[in-house]
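Take -3 as the starting number for the sequence shown in our numbering and just add one per residue.
Yeah, the Cβ is synthetic: ideal placement off N, Cα and C, and Gly gets one too.
Right, one structure below, let's go through it.
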Amino acid sequence: MSKTIYLARHGETEYNRLQKITGQLDIPLNDVGLEQAMMLSLSLKDIYFDVIYSSSLKRCRQTVTEVKKFHKGVPIVFDSRLKECNAGVMEGEPCSVMADYTEKFTPRGGESFYHLKSRVRDFLADQIYAKDFENILVVSHGGPIKVIRSFFENTDTLSEKEMSIKNANYWIIKTNLKELTIHTR
-3 MSKTIYLARH
7 GETEYNRLQK
17 ITGQLDIPLN
27 DVGLEQAMML
37 SLSLKDIYFD
47 VIYSSSLKRC
57 RQTVTEVKKF
67 HKGVPIVFDS
77 RLKECNAGVM
87 EGEPCSVMAD
97 YTEKFTPRGG
107 ESFYHLKSRV
117 RDFLADQIYA
127 KDFENILVVS
137 HGGPIKVIRS
147 FFENTDTLSE
157 KEMSIKNANY
167 WIIKTNLKEL
177 TIHTR
């Protein structure tokens, strides 16, 4: 079955602006992020979705609230497997402190990037592959989006670190689960 998956990152938060590690802290969108969410919703308004999946964190919920204005009647599924990587004691620290860590590093009280990959791939197996939806919107965070893109692009961890995942941008993945095409918007 052919599927089109739209991957959208939430709008900007104050932690994004300050380049702090947000992880699973439930930080809301700032004013710029609310505007970005509105612009994202306008760019997606004419696209039909069978379902919308989203992280359960507030910044994604706020982004989905804007998108939903043009997609009334489309079911929304909040899935905790789409949450950002739990950075434990490093949440709130400058993003630069994570630059040299590998995917197997686990911050105290957090999870490794390897664990994030595992739970996001479980989400893909349960919700994307196992369901008959053809047009899917996923609203999530930089980490899970990198994992999903790397899965479909068949890239390694180094390439994942190099992927630019900007706030309120979206990517389109078209796949028949054998072939793949990716577009950035």
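Outcome for residue i when other beta-carbon atoms lying within 10 angstroms are tallied against a minimum of 16
i	result
E182	Residue 182 is absent from the structure shown; the chain starts at -3 and stops at 181.
K100	exposed
R62	In the sequence as displayed, the identity of residue 62 is Glu instead of Arg. Classification for E62: buried.
G105	exposed
P71	exposed
S50	buried
T98	exposed
G69	exposed
D22	exposed
L38	exposed
Y125	exposed
Beta-bridge partners of residue i, as assigned by DSSP
i	result
T98	None, per the DSSP bridge assignment.
S108	BP columns for S108 are empty, so no partner.
P90	K16
N182	In this structure the chain extends from -3 to 181, so residue 182 is not present and cannot be described.
F74	S50
Nearest-angstrom Cα separation, counted from residue j out to residue i
i	j	result
A33	A164	6 Å
K162	S136	12 Å
M94	M35	31 Å
G84	V143	19 Å
K170	L30	28 Å
G138	C81	9 Å
T18	K127	31 Å
Y166	F148	15 Å
V28	D96	30 Å
E175	A121	Here the model assigns E175 a pLDDT of 49, short of 50, so the residue's position is not dependable, and the following value carries that caveat. Those two C-alpha atoms are separated by around 17 Å.
Sequence-distant residues of its chain with Cβ nearer than 7 Å to residue i (five each side left out)
i	result
K16	G88, E89, P90 and C91
N26	E8, T9, E10 and R13
Y110	E99 and K100
T102	S108
V60	I48, S50, I72 and V135
S198	This structure gives no information on residue 198, because the portion of the chain shown stretches from -3 to 181.
Neighbourhood of residue i by C-beta distance below 6 Å, restricted to the same chain and skipping five residues each side
i	result
V134	L3 and Y49
N172	S(-2)
K41	F66
Beta-carbon proximity check, residue i vs residue j, cutoff 8 Å
i	j	result
D46	E107	no
K113	Q20	no
R145	V116	no
I43	I132	no
K64	P24	no
I141	R57	no
Own chain partners of residue i with C-beta closer than 8 Å, once the 5 adjacent residues on each side are dropped
i	result
D75	Y49, S50, S51, S52, F119 and Q123
V73	V47, I48, Y49, S50 and Q123
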